[in-house]
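A.B. asks: Position 485, counted from 1, in the sequence shown is what UniProt numbering calls 485; the numbers after and before it change by one each time, with no gaps.
Quick reminder that beta carbons are idealized off the backbone N, C-alpha and C, glycines included.
Since the model is a prediction, treat every value here as computed from it, not as a measurement.
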Amino acid sequence: MVEEKTGNETLVDPKVEDLLLQAQELVPIALDKARTVTGFSSRWRVIISRLEKIPTCLSDLSSHPCFSKHTLCKEQLQAVLGTLKEAIELAIVCTEEKQKGKLKMQSDLDSLSAKIDLSLKDCGLLMKTGVLGEVTQPLSSSIQDLETFSVRESLARLQIGHLESKRRALEQLVEVMKDDEKAVITALGRTNVASLVQLLTATSPSVRENAVTVICSLAESGGCENWLVSENALPPLIRLLESGSPVAKEKAVISLQRMSISSETSRSIVGHGGVSPLIEICKTGDSVSQAASASTLKNISAVPEVRQSLAEEGIVKVMINILSCGILLGSKEYAAECLQNLTCSNEALRRSVISENGIQTLLAYLDGPLPQESGVAAIRNLVGSVSVETHFKIIPSLVHVLKSGSTGAQQAAASTICRVATSNETKRMIGESGCIPLLIRMLEAKASGAREVAAQAIASLVTVPRNCREVKRDEKSVTSLVMLLEPSPSNSAKKYAVSGLAALCSSRKCKKLMVSYGAVGYLKKLSELEVPGSKKLLERIEKGKVRSFFSRK
């Protein structure tokens with residue numbers, strides 16, 4: 001034993017071997033005392049059966065090569081000693097019938113039984129999980145090695161002992177993560193994740209808050225989502241959304257945001273009743289929580305079969321409200337993406353968005369500084385469910401996106417124009433709005449999808465004579481469309497290029513340009529592939545070539 005003097009007291013720090021010997025000596029005493037008790041027989045039978053397992057547990061623990069090298073074994077033995085002494089004291093009280101009351105004694109015996117269970121479980125964890133080897137003090141005394149040892153020991157303490165011990169270990173981990181989050185995440189194993197998940201339901205608010213803080217970092221790291229889901233983290237995280245502290249709510253919703261990227265996890269969040277508290281946070285949460293909640297709901301809305309459940313919880317009105325007056329710009333962007341998902345295939349949801357003033361709110365969003373692609377895509381989903389008068393209102397915003405939007409937003413705008421251009425009146429208005437030069441410029445876009453929708457829009461618009469004349473006047477229109485005749489399977493724009501060129505073929509100038517840029521060769525290949533309209537367009541061009549030859553003669 002090691003003795004230290006402090007003032008008038010002498011503090012004794014027993015060696016781990018001494019503690020083991022004391023425990024081994026107390027086990028038979030505790031068993032003898034327990035077996036003499038006649039009252040509360042059923043409870044004492046359970047206690048005796050558990051006390052009988054302690055010798056094997058101590059033997060396994062003491063046989064480990066690292067048994068005497070760190071404090072975890074010592075603390076475990078001290079806990080076992082305390083439990084054995086309590087068993088002896090309670091047995092004496094019961095034998096001498098000095099208990100203060102039947103209910104009190106029953107409670108004390110149940111508590112003793114639970115303590116023995118905990119000691120047995122913790123001893124097993126120390127052996128089975130490899131914790132003893134992990135937390136052995138490193139031979140090197142470098143700062144980095146010592147910090148790694150400290151993290152691993154704290155993680156080990158999350159799995160053993162009482163709540164107070166786990167609380168202190170958790171606080172240490174949170175402090176370490178403030179300076180070196182990576183050290184904690186790197187050291188974590190699946191058993192540590194399971195321990196953290198269990199602490200999400202602890203009675204102490206501070207423990208729950210610290211546990212969800214660590215779990216949030218794990219979720220954001222991108223490597224532990226499957227562990228968290230398999231260890232059943234979703235239900236306690238959802239409960240924290242409902243009743244946690246502001247910090248706990250924020251960390252819980254950020255965790256769910258990351259985890260909901262998986263469609264399967266999104267379904268589970270809905271199944272565990274997560275939609276309602278997420279929507280409530282969208283209504284009442286602070287800026288960060290609102291953004292994370294909107295993002296989570298956006299991820300969930302990508303799963304088709306749960307969209308109706310989202311609608312029943314009132315998601316449409318909430319997302320339109322965020323789109324209009326969300327606290328952070330990111331919240332508005334998530335809301336636009338969510339509305340795009342909700343309206344992509346469900347007519348009832350489309351009508352719900354329209355009835356909640358969704359079109360006007362989306363148009364206002366397009367005029368703002370945020371990425372426009374999802375907003376345009378949502379409008380594209382809705383145009384088939386609104387009147388022609390509403391189409392007229394949409395067109396100026398589409399032109400704005402074509403002028404200044406990203407490639408993705410421009411592509412969505414051109415696709416929307418294709419859906420809006422259902423009548424000659426609408427086509428004329430689109431042409432008058434200045435769309436045509438912008439669409440012709442898109443024919444040269446790097447993205448094949450952008451080229452395709454631009455060609456499709458032009459092929460639709462040129463059926464109106466005024467629009468056709470405008471396309472003919474643009475020097476790049478014919479050359480760009482001819483380039484889109486390229487017959488490879490990956491070129492999905494070729495059928496629209498054929499339609500567009502067919503409308504321009506009445507112009508001798510355009511026809512000459514088609515020939516000079518190789519349209520004949522392309523069209524021969526497309527005719528062999530039976531691309532609609534290619535054979536007829538080829539005949540018109542070649543007929544023009546013959547007529548031109550004889551006129552020169």
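Quick one: what's got a C-beta closer than 7 Å to S301's C-beta in the same chain, skipping five residues either side?
C.D. replies: If we look at S301 and ignore the five residues flanking it on each side, its Cβ neighbours are R307, L310, C338, N341 and L342.
A.B. asks: Leaving out the 5 sequence neighbours to the left and right, which residues in its chain are closer than 7 Å to L19 when beta-carbon positions are compared?
C.D. replies: If we look at L19 and ignore the five residues flanking it on each side, its Cβ neighbours are K74, L77, Q78 and L81.
A.B. asks: Rounded to the nearest angstrom, what separates V478 and R419 at their Cα positions?
C.D. replies: Rounded to whole angstroms, V478 to R419 spans 24 Å at the Cα level.
A.B. asks: Which runs of the alpha helix (DSSP H) at least 4 residues long sit entirely within the stretch 365-437? Give them in chain order.
C.D. replies: Runs found: 373-382, 388-404, 407-420 and 424-432.
A.B. asks: From this set, I541, G533 and G500, which residue's C-alpha is nearest R508's C-alpha?
C.D. replies: R508 has its Cα closest to that of I541, out of I541, G533 and G500.
A.B. asks: Cα separation between S42 and L51?
C.D. replies: Approximately 14 Å, taken between the alpha carbons.
A.B. asks: Beta carbon of A450: closer than 7 Å to some heavy atom of the ligand FMN?
C.D. replies: Among the components of this structure there are no ligands whatsoever, and the ligand FMN is therefore not found.
A.B. asks: By a C-beta neighbour count over all protein chains shown, 10 Å radius and 16 as the cutoff for buried, is V464 buried or exposed?
C.D. replies: Counting Cβ neighbours within 10 Å, V464 comes out buried, since at least 16 surround it.
A.B. asks: What is the DSSP secondary structure of V498, reduced to helix, strand or coil?
C.D. replies: In this structure, V498 counts as helix in the three-state DSSP scheme.
A.B. asks: Give every residue of the same chain whose Cβ lies closer than 7 Å to the Cβ of M259, excluding the five residues on either side of it in the sequence, and list them in chain order.
C.D. replies: Correct list, in chain order: A219, E225, L228, V229 and T265.
A.B. asks: Look at the alpha carbon of R167 and the alpha carbon of L126, and state the distance between them as a whole number of angstroms.
C.D. replies: Computed Cα separation, rounded: 19 Å.
A.B. asks: Just reading off the alpha helix (DSSP H) that A311 is part of, what are its end residues?
C.D. replies: Note, A311: alpha helix (DSSP H), R307 to E312.
A.B. asks: CB-CB under 6 Å to S142, same chain, minus the five flanking residues each way: which ones, in chain order?
C.D. replies: Caution is warranted here: a pLDDT of 43 is assigned to S142, below 50, making its placement in the model unreliable, and the coordinate value is therefore given only provisionally. Nothing meets the Cβ criterion.
A.B. asks: Which one of N424, S195, T203 and E486 has the shortest CA to CA distance from S460?
C.D. replies: Ranking N424, S195, T203 and E486 by Cα distance to S460 puts N424 first.
A.B. asks: Do you know offhand how far L323's Cα is from I354's?
C.D. replies: If I take the Cα positions, the gap works out to 14 Å.
A.B. asks: Tell me which residue opens and which closes the alpha helix (DSSP H) that E337 is part of.
C.D. replies: It spans L329 to L342 - the alpha helix (DSSP H) in which E337 sits, taken as one unbroken run.
A.B. asks: Under 8 Å, do L120 and L90 count as touching if we go by C-beta distance?
C.D. replies: For L120 and L90, no; Cβs fall outside 8 Å.
A.B. asks: Would you please verify whether the beta carbon of I92 is less than 8 Å from any beta carbon of chain C?
C.D. replies: Of the protein chains in the structure, only one exists, and it is not chain C.
A.B. asks: Quick one: grab the DSSP three-state call for Y517.
C.D. replies: Three-state DSSP puts Y517 in coil, outside helix and strand.
A.B. asks: Find the nearest neighbour of K495 within the set Y522, R469 and L362, judged by alpha-carbon distance.
C.D. replies: Comparing Cα-Cα distances from K495 to each of Y522, R469 and L362, the minimum goes to Y522.
A.B. asks: When DSSP labels each residue in this structure, what does I440 get in the three-state scheme?
C.D. replies: In this structure, I440 counts as helix in the three-state DSSP scheme.
A.B. asks: Let me know if N210 comes out buried or exposed under the rule of 16 or more other beta-carbons within 10 Å of its beta-carbon.
C.D. replies: Looking at its Cβ environment, which holds 16 or more other Cβ atoms inside 10 Å, N210 is buried.
A.B. asks: By the DSSP assignment, the alpha helix (DSSP H) with S260 in it spans what residues?
C.D. replies: Taken as a continuous stretch (DSSP letters only), S260 belongs to no alpha helix (DSSP H), as it is neither H nor E.
A.B. asks: Please state whether DSSP places V318 in a helix, a strand or coil.
C.D. replies: Correct three-state label for V318: helix.
A.B. asks: Determine the extent of the alpha helix (DSSP H) in which V16 is found, giving its start and end residues.
C.D. replies: First-last of the alpha helix (DSSP H) with V16: V16 to R35.
A.B. asks: Kindly indicate which residue of S295, G330, L329 and L328 has the alpha-carbon position closest to the one of I315.
C.D. replies: Ranking S295, G330, L329 and L328 by Cα distance to I315 puts S295 first.
A.B. asks: How is the alpha helix (DSSP H) around C505 delimited, first residue to last?
C.D. replies: Where C505 is concerned, there is no enclosing alpha helix (DSSP H), given that its DSSP letter is neither H nor E.
A.B. asks: I'd like to know whether the C-beta atoms of E470 and G431 end up nearer to each other than 8 Å.
C.D. replies: Against a cut-off of 8 Å, the Cβ pair of G431 and E470 comes out as a contact.
A.B. asks: Starting from V531, trace the alpha helix (DSSP H) in both directions and tell me its first and last residue.
C.D. replies: No alpha helix (DSSP H) contains V531, which DSSP labels as neither H nor E.
A.B. asks: Can you give me the C-alpha to C-alpha distance between N467 and T426, rounded to a whole angstrom?
C.D. replies: For N467 and T426, the distance between alpha carbons rounds to 12 Å.
A.B. asks: Check for me: the alpha helix (DSSP H) holding K283 runs from which residue to which?
C.D. replies: V275 to T284 is the span of the alpha helix (DSSP H), which, as asked, contains K283.
A.B. asks: From Y517 to S255, what does the alpha carbon distance come to, in whole angstroms?
C.D. replies: Looking at the two C-alpha atoms, the distance is approximately 57 Å.
A.B. asks: Spatial neighbours of A291 within its chain, please: CB distance less than 6 Å, with the 5 preceding and 5 following residues excluded, ordered by chain position.
C.D. replies: Within the same chain, A291 has close Cβ partners L328, G330 and S331.
A.B. asks: Determine the closest residue to L240 out of S289, Q372 and L200, with distance taken between C-alpha atoms.
C.D. replies: Nearest of S289, Q372 and L200 to L240, Cα basis: L200.
A.B. asks: Can you give me the Cβ contacts of P205 inside the same chain, cut-off strictly under 7 Å, excluding the 5 residues immediately before and after it?
C.D. replies: So the list reads S245, once near-sequence residues are dropped.
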